[in-house]
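**Student:**
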Amino acid sequence: MTDYVLGDCTICYRSLTLFDAHNVNCNHIYHKECITNWINKGAKNCPQCSEPATINGIKRYFVEAKANVSPVINNDQDIVNTTTNTQNSTQNLQIIVNDLFNVKTVLPGLKPSNTIKDMKYMIENLRGWPADNQTLSYHGQTLENDLKFFFFKFY
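Shown next as structure tokens:
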């Protein structure tokens, strides 16, 4: 699994890892214990942006989506090289999703017109994780449900 830099928790100032990162509705990331204690002590807003934050809004930051077009792509530079050489936008995509424990889930047969929400439903069907509880990211950015794959130009 690639090492992902998530920065520091702005509550305790310790490093965040994929194993302990949780986000609130505004997608700012904290240690679960830190943000839970913050809210339980009476805070009603995100410490960084002041958007409303609730215990029910805390979700595990648990997957990193990585594009994979045959042959297997091992890094972001390979993705860039592959996309510049591929002109067929009707091609099927194969996405590999890594969770926090480096368990890979292969999502075959996606098309550039599919959305992130489509991918979440595939993960739900394959792994049993409810789509509404998933937070997907690509290059460290949280992916919005309505984004289509062609937005990323990795096909």
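For what it's worth, the working numbering labels the leading residue of the sequence shown as 17, then goes sequentially. Positions of the beta carbon are idealized from the N, C-alpha and C atoms, including for glycine.
1. Quick one: what's got a C-beta closer than 6 Å to residue 122's C-beta in the same chain, skipping five residues either side?
2. Quick one: grab the DSSP three-state call for residue 125.
3. If we count the other Cβ atoms within 10 Å of its Cβ and call it buried at 16 or more, is residue 162 buried or exposed?
4. Since residue 47 sits in a beta bridge, which residues does DSSP pair it with?
5. Pull up the distance between the alpha-carbon of residue 136 and that of residue 147, whole angstroms please.
6. Buried or exposed for residue 119, please, with buried defined as at least 16 other CB atoms from any protein chain shown within 10 angstroms of its CB.
7. Just confirm the distance between the C-beta atoms of residue 75 and residue 39, as a whole number of angstroms; I'd bet it's less than 8 Å.
8. Since residue 24 contacts residue 34 with CB under 8 Å, what's their CB separation in whole angstroms?
9. Contact check, residue 47 vs residue 65 under 8 Å by CB: the rounded distance?
10. Whose C-beta lies closer than 6 Å to the C-beta of residue 50 among residues of the same chain, with five residues either side of it excluded?
11. In angstroms, rounded to a whole number, what distance separates the CA positions of residue 84 and residue 108?
12. On the three-state DSSP scale, how would you describe residue 30?
13. Do you know whose CA, among 62, 60, 127, 114, lies nearest residue 150's CA?
14. Taking residue 77 as part of the alpha helix (DSSP H), name the residues at either end of that continuous run.
15. Measure from the alpha carbon of residue 71 to the alpha carbon of each residue in 53, 63, 77, then state which is nearest.
**Tutor:** Result, derived from the coordinates:
1. The count along the sequence shown starts at 1 and reaches residue 122 at position 106. Only 112 meet the Cβ criterion.
2. As a first step, residue 125 is located in the sequence shown; it is residue number 109 there, counting from the start. Looking at residue 125 - three-state DSSP - the assignment turns out to be strand.
3. Counting from one through the sequence shown, the residue named residue 162 turns up at place 146. It counts as exposed.
4. Taking the sequence shown and counting its residues from 1, the one referred to as residue 47 is at position 31. For residue 47, which the question treats as bridged, DSSP gives the partners 37.
5. Against the sequence shown, residue 136 aligns to sequence position 120. Against the sequence shown, residue 147 aligns to sequence position 131. C-alpha separation (whole angstroms): 5 Å.
6. Position 103 of the sequence shown, counting from 1, holds the residue named residue 119. By the 10 Å Cβ count, residue 119 comes out exposed.
7. If you number the sequence shown from 1, residue 75 lands on position 59. If you number the sequence shown from 1, residue 39 lands on position 23. Indeed, because the Cβ distance is near 6 Å, the residues count as touching under 8 Å.
8. The residue labelled residue 24 in the question sits at position 8 within the sequence shown. The residue labelled residue 34 in the question sits at position 18 within the sequence shown. No, residue 24 and residue 34 are not in contact; Cβ-Cβ is about 14 Å, not under 8 Å.
9. Here residue 47 refers to the residue found at position 31 of the sequence shown. Here residue 65 refers to the residue found at position 49 of the sequence shown. So it is not a contact: roughly 18 Å between Cβ atoms.
10. Position 34 of the sequence shown holds residue 50. Counting only Cβ-Cβ distances below 6 Å, and skipping sequence neighbours, we find 25, 27, 28.
11. The residue labelled residue 84 in the question sits at position 68 within the sequence shown. The residue labelled residue 108 in the question sits at position 92 within the sequence shown. Confidence at residue 84 is low in this model, with a pLDDT of 40, below 50, so the placement of that residue should be treated as unreliable; the coordinate-derived value is given next. So the two alpha carbons sit approximately 10 Å from each other.
12. The residue you call residue 30 lines up with position 14 of the sequence shown. Residue 30 falls in the coil class under three-state DSSP.
13. Taking the sequence shown and counting its residues from 1, the one referred to as residue 150 is at position 134. Ranking the options by Cα distance to residue 150, first place goes to 114.
14. As a first step, residue 77 must be located in the sequence shown, where it is residue number 61. Segment: none, residue 77 is in no alpha helix (DSSP H) and carries neither H nor E.
15. In the sequence shown, residue 71 corresponds to position 55, counting from 1. Among 53, 63, 77, the Cα nearest to that of residue 71 belongs to 53.
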